[in-house]
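Peer 1: In our numbering, the protein residues as written are 83 to 178.
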């Protein structure tokens with residue numbers, strides 16, 4: 083599905099190939115080196131490592147649950163936003 087491919091590309095999961103869009107549109111990897119999402123993720127990773135060190139653990143199950151849940155929430159919101167935008171475009175096109 084196109085929205086899944088766009089999401090994957092933006093999150094650095096898709097490195098090659100993307101279904102063609104109706105209009106030329108560059109989909110950027112928002113986690114590329116130096117981009118804001120990359121910097122934020124690095125901060126999250128450092129905080130996770132600090133907590134694990136403080137607890138004397140290599141991994142902390144609670145921290146992993148938080149991170150995985152936030153990633154799932156971001157995906158759900160992104161997919162809904164895509165659908166809302168697509169529907170808005172279709173309504174505007176129909177009214178022209």
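Don't be surprised by glycine CBs; every beta carbon is placed ideally from N, CA and C.
Which residues in the same chain as residue 109 place their Cβ atom closer than 7 Å to its Cβ, once the five residues preceding and following it in sequence are excluded?
Peer 2: These residues qualify, in order along the chain: 88, 91, 92, 100.
Peer 1: For a minimum of 4 consecutive residues, which ranges assigned as the alpha helix (DSSP H) are wholly contained in the segment 83 to 151?
Peer 2: With a minimum length of 4 residues, the continuous alpha helix (DSSP H) runs that stay inside the segment 83 to 151 are 84 to 92, 118 to 137.
Peer 1: Taking residue 107 as the reference, which of 84, 138, 117, 129 has the closest Cα?
Peer 2: Ranking 84, 138, 117, 129 by Cα distance to residue 107 puts 84 first.
Peer 1: Expressed to the nearest angstrom, what Euclidean distance is found between the alpha-carbon atoms of residue 123 and residue 95?
Peer 2: Going from the Cα of residue 123 to the Cα of residue 95 covers about 14 Å.
Peer 1: Taking 6 Å as the line, does the beta carbon of residue 159 fall inside it for any heavy atom of the ligand GTP?
Peer 2: The ligand content of the structure shown is nil, which means the ligand GTP is not present either.
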